[in-house]
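Protein chains: 2
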Amino acid sequence: MKKFFNVLKKCPLFFNIADNDLDRMLHCLGAKVVSFDKKYSVFTEGSSAKHIGIVLSGKVQMTRTDYYGNRSIISNATAGEIFGEAFACAEVGSIPVSAISLEPSEVMLIECSHILHTCTNNCGFHQQLIFNLMKELATKTLVFHQKLEITSKRTTREKLMTYLSICAKQVGSDSFDIPFDRQELADYLEVDRSGLSAEISKLRAQGVLETTKKHFELL
Amino acid sequence: MKKFFNVLKKCPLFFNIADNDLDRMLHCLGAKVVSFDKKYSVFTEGSSAKHIGIVLSGKVQMTRTDYYGNRSIISNATAGEIFGEAFACAEVGSIPVSAISLEPSEVMLIECSHILHTCTNNCGFHQQLIFNLMKELATKTLVFHQKLEITSKRTTREKLMTYLSICAKQVGSDSFDIPFDRQELADYLEVDRSGLSAEISKLRAQGVLETTKKHFELL
DNA sequence: AAAAGTATGTTGAATTTTCAACAAAATCGG
DNA sequence: CCGATTTTGTTGAAAATTCAACATACTTTT
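Given below as structure tokens:
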């Protein structure tokens, strides 16, 4: 596990956990590392929701696909980020979303009950873990509010501009990269891809923005 | 505070807290009760996010209104339910939503830092409170997933049917009441009210459902 | 370097939504 | 109980989205 310590130290779940406690803790939690090739499922919609995932390397995407085949992208997670924690913490039977690896990825899986319910060894770090988990859940809720703010807009143009404005604000610059290609961006904004492309062209023609591939610049 | 004990005992924040501890605890937390007339703001968009709200009586609605005046309804909270906890827990500067009383309401406000950071009295219930808060945040995330599932649908008809199906499932019956009037339902589904009314009429004509006011029946 | 596959942009037709305006029904206040 | 207000339903026109089909650009593989 040692080789992942640099990533884990950045993971909010382990905030305030001393370095030399980490190894013992992971053992106590029964943490395991699993590798996934590109486009493999980490979690499948409908499967049981016992584990919290932590991305160690690569990229994992949370999606849902409805009855008619419309894919909806919930979020992307990269190294150090947590996913699936809400379903595991709420102790629901099955997950309403899928998690797939966008690249070859390594993922740490921790059974959530090991975090929530104090082990017999009385390790003493459970309280800190639960506190960290709570913080993470609160932060994730804010991310959802942001996504709702974006998708509640009524037109493709407004959705896109709201999303790009948030990106610019987060980066602190009008020039930035987004983590989505065009189809993914459409699935994140919940709009039609070709309509999105058309709208981007229009915005470019009107001098509102410049873009090449995943790079955007607001003018 | 005694007169609210029946409500507070049903509040998930106080799960597993002994009855005779509750009074002392509320005092220690600096909980205060505030009354609001109909249509008053409990929280205003942009204000600081320090307090968790608990509805003691009445009804509180979380909304956001965008630049163009489109109102978006996030959720309704009735007696025993918590609101605003995510912003307080995440310790963000300001709230991105408003909370307004739909009826004359009484609300308990607790400064979140009093829950998160152990007090000098060493009361010993903070760990349980934090655990409960974590559970609540996880549950709320599931509610958000549900709202996203609904609003990610592309047509008014699909959004409505998805929402009604979820209602029916929760109640365990095809006959149920919804907590929204038509305008509120439209704002929750993020669609135009008149379009929603037209769609409901169509569904009625097609024998898919029956409805009078807030009562719906799926056929 | 060519071929195959993938991603992006473009277009027009069909569908759907929004918007505005109004009528009818229900509710509220005195 | 009546008048005033609010809610709901209806309609048609304008705007926007979706859908399908295709052309072009870009990547990857062999």
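Line by line, the protein sequences give chains V and Y.
For the first sequence, the numbering used here begins at 785 and goes up steadily by one.
For the second sequence, the numbering used here begins at 785 and goes up steadily by one.
Backbone N, C-alpha and C define an ideal beta-carbon position, used for all residues, glycine too.
Chain-ordered chain Y contacts of residue i [CB-CB under 7 Å]
i	result
residue 847 (chain V)	Within 7 Å Cβ-Cβ: nothing; residue 847 (chain V) doesn't reach chain Y, min ~11 Å.
residue 911 (chain V)	911
residue 977 (chain V)	Those do not exist, as residue 977 (chain V) stays about 13 Å from chain Y at its closest Cβ, beyond 7 Å.
Test: residue i CB closer than 7 Å to a CB of chain Y
i	result
residue 801 (chain V)	no
residue 922 (chain V)	yes
residue 870 (chain V)	yes
Anticipated Cβ contact below 8 Å, residue i with residue j, distance rounded
i	j	result
residue 887 (chain V)	residue 822 (chain V)	6 Å
residue 864 (chain V)	residue 832 (chain V)	Not quite, the Cβ-Cβ distance comes to about 25 Å (not below 8 Å), so this is no contact.
residue 796 (chain Y)	residue 866 (chain Y)	7 Å
residue 820 (chain Y)	residue 879 (chain Y)	Contact flag wrong, Cβ pair sits at about 16 Å.
residue 890 (chain Y)	residue 817 (chain Y)	6 Å
residue 973 (chain V)	residue 944 (chain V)	6 Å
residue 984 (chain V)	residue 914 (chain Y)	Incorrect: roughly 45 Å between the Cβ atoms, too far for contact.
Under 9 Å by beta carbon: chain V residues contacting residue i
i	result
residue 856 (chain Y)	932, 933, 936
CB contact below 7 Å: residue i versus chain V
i	result
residue 974 (chain Y)	yes
residue 789 (chain Y)	no
Cβ-Cβ distance between residue i and residue j below 7 Å
i	j	result
residue 959 (chain Y)	residue 1001 (chain Y)	yes
residue 934 (chain Y)	residue 813 (chain Y)	no
residue 968 (chain Y)	residue 857 (chain Y)	yes
residue 980 (chain Y)	residue 940 (chain Y)	yes
residue 892 (chain Y)	residue 840 (chain Y)	yes
residue 855 (chain V)	residue 971 (chain V)	yes
residue 799 (chain V)	residue 916 (chain V)	yes
residue 909 (chain V)	residue 809 (chain V)	yes
residue 802 (chain V)	residue 922 (chain Y)	no
residue 896 (chain V)	residue 838 (chain V)	no
residue 911 (chain V)	residue 911 (chain Y)	yes
Under 9 Å from the C-beta of residue i: neighbouring residues of chain Y
i	result
residue 880 (chain V)	926, 929, 930, 933
Contacts that residue i makes with chain Y (C-beta to C-beta distance below 8 Å)
i	result
residue 792 (chain V)	Simply none; closest approach about 21 Å.
residue 861 (chain V)	Ordered by position in chain Y, no residue passes the 8 Å Cβ test against residue 861 (chain V), which lies about 15 Å from the chain.
residue 876 (chain V)	926
Proximity test, residue i beta-carbon vs the ligand ADP heavy atom, cut-off 6 Å
i	result
residue 887 (chain V)	No copy of the ligand ADP appears in this structure; indeed no ligand is present at all.
Where residue i meets chain V, residues with beta-carbon distance less than 7 Å
i	result
residue 918 (chain Y)	873, 914, 917, 918, 921
Quiz item: At a cut of 8 Å, does the segment 933 to 949 of chain V reach the segment 982 to 998 of chain V through at least three beta carbon pairs?
Solution: The segment 933 to 949 of chain V, when compared against the segment 982 to 998 of chain V, does touch it at the 8 Å Cβ threshold.
Quiz item: Are the segment 949 to 967 of chain V and the segment 879 to 899 of chain Y touching by the rule of at least three beta carbon pairs closer than 8 Å?
Solution: No, because fewer than three Cβ pairs between the segment 949 to 967 of chain V and the segment 879 to 899 of chain Y fall closer than 8 Å, the two stretches do not touch.
Self-check item: contact_flag[the segment 854 to 874 of chain V, the segment 925 to 943 of chain Y] where n(CB pairs < 8 Å) is 3 or more
Solution: Touching, yes.
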